[in-house]
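Take the sequence shown: its position 72, counted from the start at 1, is 233 in the numbering used here, and no numbers get skipped. We treat Cβ as the ideally placed atom computed from N, Cα and C, and that holds for glycine. Keep in mind that this is a model prediction, so the values were computed, not measured. See below for the structure under consideration.
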Amino acid sequence: MKCRLSGVLLVLFVSALAALAAQDAKPRTTLSDPSIRFTVPDKPYAVLRRGAIEAVIVDNRAVDDAVLPGHRAGYHGLASLKHDRQRRNLFVPAYAGLNFEHIHDGTVQKREVLFEPRNAPMQLRVIDQRTAELYHPPTPHWGLESCLRYQLIDDEVIELTFECIARRDTCKNGYIGLFWASYIDQPESRDTHFLAPGRDLDDPPRWRPHGKWVRGTSPEHGVLATHLAPDDDRQFAHDSDFPLTLVFNLSKHRFAEPWYIGFCRCMAYVQGQSGVGLSMVYSRLQSGATLPTRHARALHGPRIEPA
């Protein structure tokens, strides 16, 4: 049987102005705080546990053992996410979730450049039994040094914190685009669901009458792929033949609150932003009244900037 998967995406655009504003941000990873102690394990992955959640964080090396059977090289991040009530991995075993996929500036580049995070050397750093990081030294082409922190916190939440430093001026259009992908394994529905804005941007968000959700769908890969906030009308310069079709192909929908939800094997998967970093909730879906309401800043391909 062919593997059916659905991609849950996050697109981040960082401008020079936003980067300057972020210089005063509190250090949160080993990239900005060298006093944080860590260990580098012998294996290319670390198993984190807290409450009902088990998460396996992997670097971009291939793995094939009892923990990560058939995991392919290049895919890193959340190689496995399981819940006590659903012991099957949410993500395609060969791939990953919250996988740092692309660095770009809107220009046409070779595939190995656009997929540089997959191929550039990285180091897995284990902070404690609930926290691990993936550190990238400055990448060969873009010169971007970065650190991804995955931390299990309360309420079945994984918080993702991303810090980066552009070590070279390599971006031609005045911004750097960063892209994450999550490969969901055989979901019953590939749709994402999120709140629609009110008629007036100052009105509180409203629920759509039909099912109380906006149903984010795409007829095919790269078509109607990116949902924006109500007031996000920014234009990012890019080549007309830019090959990453998911980045600049906008849908007709806007989201009122920056979070979305999807469903897979009787579980609800919520992704969004709360404060700094990204949060996900992977919890039992019981009724519409119990759906998580954690705010997010990630919608199937949104544009966000650092706080």
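| query | Contact check, T353 vs G383 under 8 Å by CB: the rounded distance? | reply | Not a contact, Cβ separation roughly 16 Å.
| request: Could you tell me which of G235, D245, G231 and D203 sits nearest to I214, measuring between CA atoms? | output: Per the Cα distances, D245.
| request: Label P358 either buried or exposed according to how many other C-beta atoms from any shown protein chain fall within 10 Å of its C-beta, with 16 as the threshold for buried. | output: Buried, since its Cβ has 16 or more Cβ neighbours within 10 Å.
| How would you call V201, buried or exposed, if buried means at least 16 neighbouring beta carbons within 10 angstroms? | With fewer than 16 other Cβ atoms from the protein chains shown falling within 10 Å of its own Cβ, V201 counts as exposed.
| task | Would you mind giving the Cβ-Cβ distance between D220 and L295, rounded to the nearest angstrom? I have them listed as a contact below 8 Å. | result | The Cβ separation is near 6 Å, so the contact holds.
| Relative to the alpha-carbon of G338, which residue among A429, D203, H237 and A398 has its alpha-carbon at the smallest distance? | When C-alpha distances from G338 are compared across A429, D203, H237 and A398, the shortest belongs to A398.
| query | Looking at C-beta atoms only, is the number of pairs between the stretch 316-323 and the stretch 400-408 that lie closer than 8 Å three or more? | reply | Touching, no, given that fewer than three Cβ pairs across the two stretches are closer than 8 Å.
| Apart from the five residues on each side of it in sequence, which residues of its chain come closer than 6 Å, Cβ to Cβ, to A386? | Excluding sequence neighbours, A386 sits near S379, L407, N410 and G462.
| said: Using a Cβ-Cβ distance cut-off of 8 Å, determine whether D316 contacts chain D. | reply: As a matter of chain content, chain D is missing from the structure shown, which is built from one protein chain.
| request: Would you check if the distance between the CB atom of L242 and the CB atom of L251 is smaller than 8 Å? | output: Contact flag set, yes.
| query | Quick one, are the C-beta atoms of S350 and F416 less than 8 Å apart? | reply | Against a cut-off of 8 Å, the Cβ pair of F416 and S350 comes out as no contact.
| field | CA-to-CA distance, P348 to S193, given in whole angstroms | value | In a straight line, the C-alpha of S193 is about 38 Å away from that of P348.
| field | C-alpha distance - P278 paired with F199, whole-angstrom precision | value | Here the alpha carbons of F199 and P278 stand approximately 22 Å from one another.
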